[in-house]
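Heads up: the protein sequence lines correspond to chains D and Y, in order. To convert, note that position 162 of the first sequence is 162 in my numbering; the numbers rise steadily by one, no gaps. To convert, note that position 292 of the second sequence is 292 in my numbering; the numbers rise steadily by one, no gaps. Presented below is the structure to which this report refers.
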Amino acid sequence: MDGPELDEYATDLALAPRVVGADSAIVAAFEAYHAEILSFLRRATRDDEVAEDLTQETFLRLMRELRQGRAPDNTRAWLYRVASNLVTSRGRRLAVATAWLRRQVSVSREQHGEPPEAGVLRDERSAELEGALATVSSDARTALLLSAQGFSGPEIGEAIGRTHGATRSLMARARVSLRAELERREVRA
Amino acid sequence: MSTIHGAYLELAAIAVDFDLEPEEARTLEGHLATCRDCRSRAAAIRRDAVALAGLSVLPVSRQTSERLWRGVFGRRSSLTTARTLALAAVLALALLGAALVGAAVYRAITEDLALTPNTPPTLPIASPDPNALPGYALATDVAGQPPTRGEVVAGAPGGFVAFGDISCPGSEGGAGSVDCQQAVHLSPDGREWEQLTGVELGDVRADDGSAGVAAVAAGPAGYLAVGTAGTGDGWTEAAWFSSDARAWTRIDVPDTTDAEFSDVAALGDAWIIVGHRTTPTGVTHPAAWRSDGLTIRPSAGQELDPGETVTATFDHVAASGPAIVATGFVVTDGGDTSVTYLWRSSDGTTWDSQEIRVDPLDLLVVAEGFYVPGEYLNVHARSTDGVTWSLDSTLGVNHLLGVAHAAGLWVAADEKDGVGSLLGSTDGSLWRPLDLGSVELDWITDGVVLAAYGDTILLVGSGNARIIRVEVSP
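Next comes the structure, spelled out in structure tokens:
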């Protein structure tokens, strides 16, 4: 049997308000944030497939929270926290550190600096920033991207599972390293 | 850059995300006041932070969004469907004023959206036309002595069998209070009820309502009910057998310390009982038992849960053809993550598991297949063999309270914002409100149990003495 045809849905006007109102929390969250969470995870992981997997897992966790009656106070912040936690957990599970990073950095910008669906990045400055961002460690990159989304240092530490001191050190070195990489690129240009 | 300057730059970088200690701030300011290069680099670091915040969200293609949606919800996107329905609703108003113009606009909108229909259900359905519910009538009249509180209602050969509270002498009479005895009630049609006398289920209900019959299943050999029984000093898992639903015999149950029966399903001339058991080390895992109506013995192995699992349970069980299916939960990550699972077995001993993205309210056998209605999120799962499952959207439902199916009509009790409603469907996917007439529904949000037998679907209140019959006219 074929699924209901479009007209059967569209003309079922009696159902429309009910359907539109249903699933509001998870649907609204998905609709509002999936693009930016995916974008965040693409930049954090430098891997489109992994980013999609982690985005999916992030929203599945939100679904479980909601169905257990634990609606986050701030859905967006909650999604970022979970997403970044997934990135760092994944990194640790895979013993990412150096080997993984080196592999990621060595991947051409054609593949990751310009994600297939991203098209041309907004401008050259953004492209340089994306490229430089790829040279810092996964955890550091995640932390910087969380900061870019307005999270404070202590919030970032909580999200990536590091102590206050470790987060301070990680982010400071990442920012200095990022600056140095951008300067190297400016010199080369 | 020297190490000394590097240390100051790190302080400047820290200041982007953290408040510096007063001493750190003074040190940094002092150095920046005397080091032009560091001042410039510190400013650049702050500009980098601003630039990072200004990075645009990377574009996401429709295909990627759809893929993510399916990954999360296990179905094709209903976002677009919902949008279409919203558009259609708006369009309806337009049609009131300008039918012809509205129709043209409607065609333009829907053609432009070019939606993909939802994933087809895998089971045959009663009618391909969601607009044509079978005829039905709702009734609330009952006769005899119906259950005042339907804990368990099962459609069975010959009619309905219900386990419910009867009078609670010496108490305030509240259902679920101490001294409330459960009794068996029978009805051939859901209207005429008979309360069986002389049936000793031997249970005294706990204050929290945890004791009592939890489930009953009918098979060719008779009926098996499972649950918890006790005398006030403690409760234990219990099972009762009846060949005719009238004379019930309590069965000896093996040691079920730290175990709990959740559900039972008929399996040929036998039954399979599912639940969970907690080991002395505190690990709770799914457990199954088999019964022939005379005895009960453990069935499933005790290592069904993955190594990381701290808690896993069987909640529901159903059998169809050669397949036994159970739903349950696995809690991992130190209790942080609860994942819904389906288990499939051909013998009740060896089980294969798979994660399923449905929040199972129940597990039904329909049209020789399995149907798992989701309590929330408008998703349900179907399978003909218990191995391959398809997820599909459940349109029109908010918070599902119960589902039953009879004679081509699916009936769902639903709740939204504390208000109950009854919905009908021909396929278990697309639901529409039933015409209630004068039937009042304000009680169903307190709890309702649904059961089907023949052409009748019964809704029995689990919190009060209310019954609704939905009689289907095939």
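Ideal placement from N, C-alpha and C gives every residue a C-beta, glycine not left out. A quick note: this is a predicted structure, and the numbers were derived from the prediction, not measured.
- Taking 8 Å as the CB threshold, Y:G71 lines the interface with chain D.
- Across the set Y:H185, Y:P147, Y:D385, Y:G369, the C-alpha of Y:H185 shows the shortest separation from the C-alpha of Y:V161.
- In the DSSP assignment, Y:V72 falls within the unbroken alpha helix (DSSP H) covering 62 to 73.
- Under the three-state reduction of DSSP, Y:W443 is assigned to coil, being neither helix nor strand.
- Along the stretch 39 to 66 of chain Y, the positions whose C-beta sits under 7 Å from a C-beta of chain D are R41, A44, I45, D48, A49, A51, L52, A53, L55, S56, V57, L58, P59, V60, S61, T64, S65, read in chain order.
- In the displayed model, Y:T384 falls within coil according to three-state DSSP, outside both helix and strand.
- Taking each of Y:G396, Y:P220, Y:L400, Y:A154 in turn and checking the Cα distance to Y:V358, the smallest one comes out for Y:L400.
- Under DSSP, Y:D414 forms a beta bridge with Y:L400, Y:S421.
- In this structure, the straight-line span from the alpha carbon of D:A143 to that of D:Y33 is close to 19 Å.
- Residue burial is scored here from C-beta neighbours: Y:V419 has fewer than 16 other C-beta atoms within 10 angstroms and is therefore classed as exposed.
- The alpha helix (DSSP H) runs of length 4 or more contained entirely in the stretch 1 to 50 of chain Y are, from start to end of the chain, 3 to 17, 22 to 34.
- For the pair Y:G164 and Y:P188, the CB atoms are not nearer than the 8 Å cut-off.
- When the Cα atoms are used, Y:Q182 and Y:E194 turn out to be separated by approximately 14 Å.
- Taking the C-beta atoms as reference points, D:T58 is found no nearer than 8 Å to D:V27.
- Taking a Cβ-Cβ threshold of 9 Å, the residues of chain D close to Y:L68 are F30, H34, L38, E52, T55, Q56, F59, in chain order.
- What Y:I14 touches in chain D, judged by beta-carbon distance under 9 Å, is G153, R168, S169, M171, A172, R175, going in chain order.
- The beta carbon of D:R125 falls within 8 Å of a beta carbon belonging to chain Y, placing the residue at that interface.
- Per DSSP, the beta bridge partners of Y:R277 are Y:A259, Y:H285.
- Not a single CB atom of chain D sits nearer than 8 Å to the CB of Y:L409.
- Using a CB distance cut-off of 8 Å, D:S138 does not count as an interface residue toward chain Y.
- Each of D:R179, D:T75, D:G69 was checked against the Cα of D:E36, and the nearest Cα belongs to D:T75.
- When Cβ-Cβ separations below 8 Å define contact, D:I156 makes contact with chain Y.
- Shown here, D:P154 sits in a helix according to DSSP, grouped into three states.
- Per DSSP, D:E49 lies in no beta strand (DSSP E) segment; the continuous alpha helix (DSSP H) that holds it begins and ends at 48 to 67.
- At a beta-carbon threshold of 9 Å, the residues of chain Y lying near D:S147 are V16, D17, A49, L52, A53, ordered along the chain.
- For the 8 Å CB-CB criterion, Y:W389 and Y:L342 form a contact.
- In this model, Y:Y8 and D:L178 are separated by some 16 Å (Cα to Cα).
- Per DSSP, the unbroken beta strand (DSSP E) holding Y:E471 starts and ends at 467 to 473.
- Under the three-state reduction of DSSP, Y:W351 is assigned to coil, being neither helix nor strand.
- If you check the CB distance, D:G150 and D:T167 do not come in under 8 Å.
- The C-beta of D:L86 comes no closer than 8 Å to any C-beta of chain Y.
- Note that the stretch 236 to 246 of chain Y touches the stretch 260 to 273 of chain Y; at least 3 beta-carbon pairs, one per stretch, sit closer than 8 Å.
- Measuring C-alpha to C-alpha distances from Y:I14 to each of D:R46, D:A172, D:L54 identifies D:A172 as the nearest.
- Under the Cβ distance rule, D:L79 does not count among the residues neighbouring chain Y, no pair being separated by less than 8 Å.
- In the structure shown, Y:L133 adopts coil according to DSSP, grouped into three states.
- Put simply, the CB of D:R67 is near chain Y, with a gap under 8 Å to one of its CB atoms.
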